[in-house]
Amino acid sequence: MKSCIGYCIAALTTLFSVTVFAADLQVTSSWARASIPGAANGAAYVSMNNQASKAKTITGITSNVSDKTELHEHVHEQGMMKMIHVPELEIAPGESLTMKPGGYHIMLFNLQQPLTSGEQITLTFKFSDGNSQDVSIDVRKSQ
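So our numbering is basically just the index in the sequence shown, starting at one, shifted up by 38.
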């Protein structure tokens, strides 16, 4: 009986910690660019606010529509725009991250299907604390 109560308490503690985590990182907007026919890659953009008292560090992203998903940033280097892979990105407490064309963005490599306007895809953000968060993304034409 004591072990059953222990398991129940552990399960409730886990459920509570996941609920608190999800509330700590608020997604304020998200969208993915509809792909052109035959495109192998796509892009998605998410804006989020860290409402936690500790920093949240994104260490990886997966999606339900691509074989590989990476966080990237556009930077100016020697007079040219260049896209670089960002292995991890920290969002400080109370700070926001805004992904947009020409800045931070999510690359979807080797699309398994076209990104069609009006549909939704799912991204899973992985964090340094071991937690993850699913985000539903609306696919639409470029803004």
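Virtual Cβ for every residue (Gly too), placed ideally from N, Cα, C.
Nearest to V103 by alpha-carbon distance, out of S180, K179, S174, is S174.
Contact between the region 159-167 and the region 110-122 is absent, with fewer than three C-beta pairs closer than 8 Å. Around R71, the same chain offers A81, S180 as residues with beta carbons nearer than 6 Å, after the five sequence neighbours per side are excluded. Take T154, set aside five residues on each side of it, and the residues of its chain with a beta-carbon closer than 7 Å to its own are A72, V177, in chain order. Annotation: G168 to K138 spans about 26 Å, alpha carbon to alpha carbon.
DSSP places D172 in the strand class (E or B) of the three-state scheme. For the 8 Å CB-CB criterion, F165 and K106 do not form a contact.
At the C-beta level, P131 and S91 come within 8 Å of one another.
Distance from the CA atom of N87 to the CA atom of G141, rounded to whole angstroms, is 17 Å. Of Q64, S101, V65, S68, the smallest CA-CA separation from L146 is found for S101.
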